[in-house]
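*Asks:* Can you read through this structure? Questions will come right after.
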Amino acid sequence: MVSVVTDSVGSVISEVENHGGSNQLAEFIAIEHAIEYALTKKWKKVLIITDSRTAIIWSERNDAEKLKPKKLAKMNDPEWYQAVKGRVDDLSRFVDITFEWCPRSESLAGHYIEERYGL
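Everything in the sequence shown is counted per the numbering used here, starting at 874 for the first residue and increasing by one.
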């Protein structure tokens, strides 16, 4: 599983390989890393563009809408999801985030992953 964050021109900001997990989890981890990067730059607002509607939903879900145990049980790595969700929720308190979905064909991080990893 590879998580990549690029800037608006496609330069890689963060690239992390992990064993296990799903594509959705990789996208979710990339969102976490994008928020961390924004905070290191002391940005107050950030636009995160991703080709994963699932990662956007997971990021925007509030504590009252946590995944039910039955749904968590169907995930590849529910504990990993919960850990990332906790960090995304904590980090999101410090920056105003707007999410935008884009098709994979327009995803700069997706292009990088395809070229580098053949995925």
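Quick reminder that beta carbons are idealized off the backbone N, C-alpha and C, glycines included.
Using a Cβ-Cβ cut-off of 7 Å (strictly less than) and excluding sequence neighbours within five positions of leucine 981, which residues of its own chain qualify?
*Replies:* In the sequence shown, residue 981 corresponds to position 108, counting from 1. Hits under 7 Å: Thr879 and Gly883.
*Asks:* Does the beta-carbon of threonine 923 have 16 or more other beta-carbons within 10 angstroms, so that it is buried, or is it exposed?
*Replies:* Within the sequence shown, numbered from 1, the residue matching residue 923 stands at position 50. It is buried - the Cβ of threonine 923 has at least 16 other Cβ atoms within 10 Å.
*Asks:* Taking Cβ positions, are isoleucine 902 and isoleucine 921 nearer each other than 9 Å?
*Replies:* One-based indexing of the sequence shown puts residue 902 at position 29. One-based indexing of the sequence shown puts residue 921 at position 48. No, the Cβ-Cβ distance between isoleucine 902 and isoleucine 921 is not below 9 Å.
*Asks:* Can you tell me the Cβ-Cβ gap for isoleucine 908 and valine 957, rounded? I've got them flagged as a contact below 8 Å.
*Replies:* Translated into positions along the sequence shown, residue 908 becomes position 35. Translated into positions along the sequence shown, residue 957 becomes position 84. Actually they do not touch by this definition, with Cβ atoms about 11 Å apart.
*Asks:* Compare the Cα-Cα distances from glutamate 900 to each of Met948, Tyr990 and Ser925 and report the closest residue.
*Replies:* For the purposes of this step, residue 900 is identified with residue 27 of the sequence shown, where counting begins at 1. Of the candidates Met948, Tyr990 and Ser925, the one whose C-alpha sits nearest the C-alpha of glutamate 900 is Ser925.
*Asks:* Identify the residues that DSSP records as bridge partners of valine 889: which are they?
*Replies:* Here residue 889 refers to the residue found at position 16 when the sequence shown is read from its first residue. Paired residue(s): Ser876.
*Asks:* Does DSSP put lysine 944 in a helix, a strand or coil?
*Replies:* What you label residue 944 is simply residue 71 of the sequence shown in a count that begins at 1. Correct three-state label for lysine 944: helix.
*Asks:* Could you check where the alpha helix (DSSP H) with lysine 918 kicks off and where it finishes?
*Replies:* Here residue 918 refers to the residue found at position 45 when the sequence shown is read from its first residue. No alpha helix (DSSP H) contains lysine 918, which is instead part of the beta strand (DSSP E) from 918–923.
*Asks:* In three-state DSSP terms, what is aspartate 962?
*Replies:* Taking the first residue of the sequence shown as position 1, residue 962 is located at position 89. DSSP places aspartate 962 in helix when its eight states are reduced to three.
*Asks:* Using only CA atoms, which one of Asn891, Glu890, Arg966 and Asn896 lies nearest to methionine 948?
*Replies:* By one-based count along the sequence shown, residue 948 stands at place 75. Per the Cα distances, Asn896.
*Asks:* Distance check for proline 976 and alanine 911, CA to CA, integer angstroms please.
*Replies:* Looking up residue 911 in the sequence shown gives position 38. Looking up residue 976 in the sequence shown gives position 103. Between alanine 911 and proline 976, the C-alpha separation is close to 23 Å.
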